[in-house]
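For the record, the sequence lines run as chains A and B.
Under numbering that gives the first Met the number 0, the first residue of the first sequence is numbered 0, with each subsequent residue one higher.
Under numbering that gives the first Met the number 0, the first residue of the second sequence is numbered 0, with each subsequent residue one higher.
Glycine included, each C-beta is placed from N, C-alpha and C at the ideal position.
Read through the structure below, which is laid out as structure tokens, and then see the notes.
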Amino acid sequence: MLLVLLAVVVLWPAAQRDPADGFPVSSYPMFAKRSGTVVRLATAVGIDRDGDVHRLGPHPISGSDEVVLAAELTRRAVEEGHESSAALCREVAARVDPNEDVVSIEVRTEVRDAVADVRAEEDPLEVLVHARCAVAP
Amino acid sequence: MTGLRGLDRAPADRRLARVRAAVAGWSVLWIAVRFPHLLGLADLADRRWYPVGILAPLDGPPACAAVLAVLLLAIGSGIAAAWGWHPALSLPVWAAALLLVATYASSWGQLFHTENLLVLHALLLAGFAVAHRTRHIDPRTVLTALAVVVAAAYVVAAVAKLRGSGWDWLDGDILRNKVAFDNVRKSVIGAPASPFAGTVVGWGWLWAPLAVLTIAVELGAPIALLGRRWATSWIAAAWAFHVGILAIMAIGFPYQLLGLAYAPLLPLERLRVPWRVASTERCAMA
Numbered sequence: 000m001l002l003v004l005l006a007v008v009v010l011w012p013a014a015q016r017d018p019a020d021g022f023p024v025s026s027y028p029m030f031a032k033r034s035g036t037v038v039r040l041a042t043a044v045g046i047d048r049d050g051d052v053h054r055l056g057p058h059p060i061s062g063s064d065e066v067v068l069a070a071e072l073t074r075r076a077v078e079e080g081h082e083s084s085a086a087l088c089r090e091v092a093a094r095v096d097p098n099e100d101v102v103s104i105e106v107r108t109e110v111r112d113a114v115a116d117v118r119a120e121e122d123p124l125e126v127l128v129h130a131r132c133a134v135a136p
Numbered sequence: 000m001t002g003l004r005g006l007d008r009a010p011a012d013r014r015l016a017r018v019r020a021a022v023a024g025w026s027v028l029w030i031a032v033r034f035p036h037l038l039g040l041a042d043l044a045d046r047r048w049y050p051v052g053i054l055a056p057l058d059g060p061p062a063c064a065a066v067l068a069v070l071l072l073a074i075g076s077g078i079a080a081a082w083g084w085h086p087a088l089s090l091p092v093w094a095a096a097l098l099l100v101a102t103y104a105s106s107w108g109q110l111f112h113t114e115n116l117l118v119l120h121a122l123l124l125a126g127f128a129v130a131h132r133t134r135h136i137d138p139r140t141v142l143t144a145l146a147v148v149v150a151a152a153y154v155v156a157a158v159a160k161l162r163g164s165g166w167d168w169l170d171g172d173i174l175r176n177k178v179a180f181d182n183v184r185k186s187v188i189g190a191p192a193s194p195f196a197g198t199v200v201g202w203g204w205l206w207a208p209l210a211v212l213t214i215a216v217e218l219g220a221p222i223a224l225l226g227r228r229w230a231t232s233w234i235a236a237a238w239a240f241h242v243g244i245l246a247i248m249a250i251g252f253p254y255q256l257l258g259l260a261y262a263p264l265l266p267l268e269r270l271r272v273p274w275r276v277a278s279t280e281r282c283a284m285a
């Protein structure tokens, strides 16, 4: 009886009409929905004096070394609108190593074909800039 | 023997003691390694706080001192729980602290699914340790409960896929696109992606069989409860599944990759350990 109850508790999220993720009992929805090959990716990048884009890595973006945390934090900031994107931009600018060539930060969405360009080596299909801010010298 | 059917009580008791030591010990190592990251989360702006689970009622992140206190408590009680020191006390404190730590880590916008089973196992071990104070609990029941939770979690993952996309999920496109998405997402953040992803994503023929295998491993998890051979086969398949995830997505599920998630089904009672691991019987008398 106890074991059945346990199984029901863990299986419960899967039985929901609109399964929501949670912790520590999850519906594991990460791979559930169909998505196309063209994706929108929110990120923050550094821009140098020549206008070249520098990938920053997770720590300047989120203050943490967790990649998915940096990605999700940026996605949420973009989704929340300009104020949140601008705040994130300032936070990233404050964390960027001043010795790097980066003079400004852009919080942006890159539209890419994930299957054709898994390593993001090509130019994005489209770039939407949500916030731009200067890095203090 | 692998699996739980036919396992006598004495070896089950030894196995349970080793499972508890391994799970609690791993949690201590996990927190110790992630200590700078977990403490560093307190530096994030309050607006980045998206609480989940038991922390959902909190409007803002807890104070740094509280985070530090819970981290230290989780480490201290985890060591005590692994050692078997007063389990009716150390296990609930450890499980509660670990739940808080792992929930806190997932309350900044990204739910981490890598610690779900660790926390569920900790809560179960704690619950049974408390119950053992007032009534005898058969160690085989505890081991079975730990294994049931693992099997159910895999089944949930399969059900989510099939409910979300139907049997179309098996054509492999969704899996390939998600793997590609995850890798390109890492690249635009500026983090290393899987070195194999670029090649593997291009192999169109691979993804339908991989999708079928994924669903088979996840939906087939309950067969591990049927007996020794079933358990051995399923554990091997599930472990290979996680190795595959690590290889093509650069996402590690350490609890699964180290075999700890499957430990209740593994013959840990045969392991000779150089230190004393208190059995549940001895702990109950302590």
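Those residues which DSSP pairs with residue i across a bridge
i, result
"residue 49 of chain B", "B:107"
"residue 106 of chain A", "A:43, A:130"
"residue 33 of chain B", "Paired residue(s): none; residue 33 of chain B is not in a bridge."
"residue 112 of chain A", "A:37"
"residue 101 of chain A", "A:47"
"residue 54 of chain A", "A:44"
Range of the contiguous beta strand (DSSP E) that encloses residue i
i, result
"residue 129 of chain A", "125-133"
Expected contact under 8 Å - CB spacing of residue i and residue j to nearest Å
i, j, result
"residue 5 of chain A", "residue 109 of chain B", "Actually they are not in contact, since the Cβ atoms of residue 5 of chain A and residue 109 of chain B sit about 27 Å apart, beyond 8 Å."
"residue 118 of chain B", "residue 26 of chain A", "The Cβ separation is near 16 Å, so there is no contact."
"residue 124 of chain B", "residue 19 of chain B", "5 Å"
"residue 149 of chain B", "residue 260 of chain B", "5 Å"
"residue 124 of chain A", "residue 37 of chain A", "7 Å"
"residue 66 of chain A", "residue 185 of chain B", "5 Å"
"residue 69 of chain B", "residue 38 of chain B", "Residue 69 of chain B to residue 38 of chain B, Cβ: 11 Å. No contact."
"residue 102 of chain A", "residue 134 of chain A", "6 Å"
"residue 53 of chain B", "residue 102 of chain B", "6 Å"
"residue 90 of chain B", "residue 128 of chain B", "4 Å"
"residue 143 of chain B", "residue 254 of chain B", "Wrong, their Cβ atoms sit about 19 Å apart, outside the cutoff."
"residue 220 of chain B", "residue 169 of chain B", "18 Å between Cβ atoms; not a contact."
"residue 10 of chain B", "residue 268 of chain B", "4 Å"
Residue i classed as buried or exposed, judged by whether at least 16 other C-beta atoms fall within 10 angstroms
i, result
"residue 225 of chain B", "exposed"
"residue 172 of chain B", "buried"
"residue 88 of chain A", "buried"
"residue 32 of chain A", "exposed"
"residue 132 of chain A", "buried"
"residue 129 of chain A", "buried"
"residue 27 of chain B", "buried"
"residue 45 of chain A", "buried"
"residue 0 of chain A", "exposed"
"residue 284 of chain B", "Legend: pLDDT at residue 284 of chain B = 36, less than 50; position of this residue unreliable, value from coordinates given subsequently. By the neighbour-count rule (16 or more Cβ atoms within 10 Å), residue 284 of chain B is not buried but exposed."
"residue 8 of chain A", "exposed"
"residue 270 of chain B", "exposed"
"residue 73 of chain A", "buried"
"residue 228 of chain B", "exposed"
"residue 98 of chain A", "exposed"
"residue 165 of chain B", "exposed"
"residue 57 of chain B", "exposed"
"residue 71 of chain A", "buried"
"residue 109 of chain A", "buried"
"residue 198 of chain B", "exposed"
"residue 135 of chain B", "exposed"
"residue 217 of chain B", "buried"
"residue 83 of chain B", "buried"
"residue 204 of chain B", "exposed"
"residue 181 of chain B", "buried"
"residue 202 of chain B", "exposed"
Terminal residues of the alpha helix (DSSP H) in which residue i lies
i, result
"residue 72 of chain B", "63-82"
"residue 130 of chain B", "115-130"
"residue 71 of chain A", "66-79"
"residue 172 of chain B", "172-188"
"residue 255 of chain B", "253-256"
"residue 220 of chain B", "Unbroken run through residue 220 of chain B: none, as it is neither H nor E."
"residue 133 of chain B", "Careful: residue 133 of chain B lies outside any alpha helix (DSSP H) and carries neither H nor E."
"residue 248 of chain B", "227-248"
"residue 200 of chain B", "196-200"
"residue 272 of chain B", "Where residue 272 of chain B is concerned, there is no enclosing alpha helix (DSSP H), given that its DSSP letter is neither H nor E."
"residue 24 of chain A", "Element bounds for residue 24 of chain A: n/a, residue is neither H nor E."
"residue 3 of chain A", "1-14"
Within chain C, the residues that residue i reaches when beta carbons sit closer than 7 Å
i, result
"residue 60 of chain A", "Note that chain C does not occur in the displayed structure, where the protein chains are A and B."
Counting Cβ pairs, one atom from each stretch, are 3 or more of them under 8 Å apart for the region 21-38 of chain B and the region 109-118 of chain A?
-> no
Hey, is the region 176-192 of chain B in contact with the region 231-238 of chain B, meaning 3+ C-beta pairs nearer than 8 Å?
-> no
Within the chosen definition, does the region 55-71 of chain A reach the region 93-101 of chain A through at least 3 CB pairs nearer than 8 Å?
-> yes
Determine contact between the region 26-37 of chain B and the region 59-78 of chain B, defined as no fewer than three beta-carbon pairs at a distance below 8 Å.
-> yes
Please confirm if the region 74-90 of chain A is in contact with the region 1-17 of chain A, defined as three or more CB-CB distances below 8 Å between the two stretches.
-> no
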